[in-house]
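Number of protein chains: 2
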Amino acid sequence: MMSPMSEPAFRRARSAEAKQAREAAILEAARELGRARGVREVTLTDIAAAVGMHKSALLRYFETREQIFLALTAEGWREWSAELRGDLARRAQATPAEVAAVFAGTLARRPMFCDLLAQAPLNLERNVSIESVRSFKLVTLEEVELIGGELGRLLGLDELQSVDTIATATGLAGALWQMATPGPRLRELYTSDPRLGHAIVEVEPRLTRVLTACLTGLGVRSAAVD
Amino acid sequence: MMSPMSEPAFRRARSAEAKQAREAAILEAARELGRARGVREVTLTDIAAAVGMHKSALLRYFETREQIFLALTAEGWREWSAELRGDLARRAQATPAEVAAVFAGTLARRPMFCDLLAQAPLNLERNVSIESVRSFKLVTLEEVELIGGELGRLLGLDELQSVDTIATATGLAGALWQMATPGPRLRELYTSDPRLGHAIVEVEPRLTRVLTACLTGLGVRSAAVD
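As you go down the protein sequences, you meet chains E and Z in turn. Heads up: the first sequence begins at -3 in this note's numbering, then just goes up one per residue. Heads up: the second sequence begins at -3 in this note's numbering, then just goes up one per residue.
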């Protein structure tokens, strides 16, 4: 027979489970809307409508629209880092060009993560609580350290070189994605005016070229020091 | 004596002059507010108040808040490019590290331009007319070509390598500036929590290191092809 204490404990567990399910549903709705329209176009009202909740009820689960997208940015870091490190871990050795291609390919396959990488410092981190920023930053710094382990093993990069490389890859992926996704109105302009050919940006080839050059150059400097 | 035709012509000139003076005053107000608070915090109402106009009157000179800041971004490109090229033009030769330091130094001395470089593709280009984007893009592409001339002369970069380098410098300057300027609340967090040390970003040293590596790496690949 149940003790008198277990009933509330059971209820709390049920309620914690229900809360988690609700949070997951909210994140899933934001993820789908963000993917379809771009993060900038998604409001809290849109997310509430998609998940079938009142906006006021949704605000019991997340502080702001920005907190929802910051949670998706943290999730994006974990998933991207896991795929990147999984790919690098299978290699006994790799050239700078090969490592660059893995970075560029895994980022370019995640358009919403690229979008979020640019949105996070500009918009998302500025409209959430300090505690939300702290836990977001701890996730990114942990992933940066883990990725750095692979860069050290394969290319001999030290900690500062790894942090520089990862900041370049993610910072540039965010910036290039914004340039590469100007919306149909501007894309039409860039393709119709022959003077604007260079305004068309392709994320993956440019990111591959730039990171190949960076990693090659870092190797030159390391080798010169050795 | 004046012909009957010169009076209206004179008036048009006066009125064109007055219009230009008004536009210059609006841009100056936006420039000062953007420098003081960061571009994101400046509304059209703030600009109108600073210049002593009604918002509806201001809208006769500029389409939107975004058009004002896109005009300042174009101005920033011209001024930055002129200083950068002036510095490079005085050199008969330069190492990748020296060119990288000139890029990083001239960008880091222009905090509002760095802010605008990140804001332009995310926010500014999306809330103005197609013609405003076209003239903005033509300014940036012209400056990219001029800067490319110096990169070709000093480091032997071809057109694609020059465009990649300038896109990296400006894209990363924008992204790093946003990370480096999180506002007093987050700066306090990053300095008070020792686990968040790597969250503190300094624009100029990181940009110098990354661009040095890139330009060195591009040189390695060019040399290998020759």
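Using N, Cα and C, we set each Cβ at its ideal position, and we do this for glycine too.
Against chain E, with Cβ distances strictly below 7 Å, would residue 135 of chain Z count as a contact?
no
Verify the CB distance criterion: does residue 63 of chain Z have a CB-CB separation below 7 Å to chain E?
no
Using a C-beta cutoff of 7 Å, does residue 168 of chain E count as contacting chain Z?
Residue 168 of chain E counts as touching chain Z.
Please tell me whether residue 124 of chain Z and residue 62 of chain Z are closer than 7 Å, where the distance is taken between their beta carbons.
yes
Can you name, in chain order, every residue of its own chain whose Cβ lies under 7 Å from the Cβ of residue 172 of chain E, other than the five neighbours on each side?
197, 199, 202, 203
How do the stretch 95 to 102 of chain E and the stretch 153 to 163 of chain Z stand: do at least 3 beta-carbon pairs fall below 8 Å, yes or no?
no
If I'm right that residue 34 of chain E touches residue 177 of chain E with Cβ under 8 Å, what's the distance once you round it to whole angstroms?
Between residue 177 of chain E and residue 34 of chain E the Cβ distance is about 7 Å, and since that is below 8 Å, they are a contact.
How big is the Cα-Cα spacing for residue 73 of chain Z and residue 168 of chain Z?
Residue 73 of chain Z and residue 168 of chain Z: Cα-Cα distance of roughly 15 Å.
Going by other Cβ atoms of all chains shown within 10 Å of its Cβ, with 16 needed for buried, is residue 11 of chain Z buried or exposed?
The residue is exposed, with fewer than 16 neighbouring Cβ atoms inside 10 Å.
Taking 7 Å as the threshold (beta carbon to beta carbon), is residue 221 of chain Z in contact with chain E?
For residue 221 of chain Z, the pLDDT reaches just 49, beneath the cut-off of 50, and the residue's location in the model is therefore unreliable, although a value from the coordinates is still provided. Residue 221 of chain Z does not count as touching chain E.
How many Å lie between residue 221 of chain E and residue 211 of chain E at the Cα?
Its pLDDT being 48, under 50, residue 221 of chain E is placed unreliably in this model, and the coordinates cannot settle the point.
Report the neighbours of residue 175 of chain E on chain Z: residues whose CB is nearer than 7 Å to its CB, in chain order.
117
Look at the Cβ atom of residue 224 of chain E, then the Cβ atom of residue 51 of chain E, and state whether they are nearer than 7 Å.
Since the first residue of chain E shown is -3 and the last is 222, residue 224 of chain E is not available in this structure.
For residue 238 of chain Z, which residues from the same chain have a beta carbon less than 8 Å from its beta carbon, with the 5 sequence-adjacent residues on both sides left out?
A query on residue 238 of chain Z cannot be resolved here, the shown segment of chain Z reaching from -3 to 222 and no further.
Check whether the Cβ of residue 50 of chain E lies closer than 7 Å to any Cβ atom in chain Z.
The C-beta of residue 50 of chain E comes no closer than 7 Å to any C-beta of chain Z.
Please classify residue 132 of chain E: does DSSP put it in a helix, a strand, or coil?
helix
I'd like to know whether the C-beta of residue 182 of chain E is nearer than 7 Å to at least one C-beta of chain Z.
yes
From the DSSP output, in three-state form, read off residue 194 of chain E for me.
helix
Residue ranges of each alpha helix (DSSP H) run of no fewer than 4 residues wholly in the stretch 98 to 131 of chain Z, ordered along the chain?
107 to 118, all fully within the stretch 98 to 131 of chain Z.
Give a yes or no on whether the C-beta atoms belonging to residue 113 of chain E and residue 166 of chain E are separated by under 7 Å.
Yes.
Quick one, which residues of the stretch 95 to 109 of chain E are near chain Z if we go by CB-CB under 9 Å, in chain order?
none
Taking the alpha helix (DSSP H) that residue 36 of chain Z belongs to, which residues open and close that run?
Per DSSP, residue 36 of chain Z lies in no alpha helix (DSSP H) and is assigned neither H nor E.
Roughly how many whole angstroms lie between the Cα atoms of residue 118 of chain Z and residue 36 of chain E?
8 Å
Determine the chain E residues that contact residue 179 of chain Z at a beta-carbon separation under 7 Å, and present them in chain order.
Neighbours of residue 179 of chain Z on chain E, chain order: 122.
List the residues of chain E that residue 202 of chain Z touches, going by C-beta distances under 8 Å, in chain order.
160, 163
Assuming contact is defined by CB atoms lying nearer than 7 Å, are residue 146 of chain Z and residue 214 of chain Z in contact in what I supplied?
Not closer than 7 Å, so no.
Could you check what DSSP says for residue 63 of chain Z in three-state terms: helix, strand or coil?
helix
Which ranges would you report for the alpha helix (DSSP H) in the stretch 150 to 218 of chain E if only whole runs of at least 4 residues count?
Under the rule that a run must span 4 or more residues, the alpha helix (DSSP H) segments found entirely inside the stretch 150 to 218 of chain E read 155 to 176, 180 to 188.
What is the rounded straight-line gap between the Cα of residue 77 of chain E and the Cα of residue 109 of chain E?
12 Å
Taking CB distances under 7 Å as the criterion, tell me whether residue 195 of chain E reaches chain Z.
yes
Just the Cα atoms here: how many angstroms apart are residue 151 of chain E and residue 143 of chain E?
Rounded to the nearest angstrom, the two C-alpha atoms are 12 Å apart.
Could you check the C-alpha separation between residue 183 of chain Z and residue 131 of chain E for me, to the nearest Å?
15 Å
Tell me whether the beta-carbon of residue 47 of chain E lies closer than 7 Å to the beta-carbon of residue 22 of chain E.
yes
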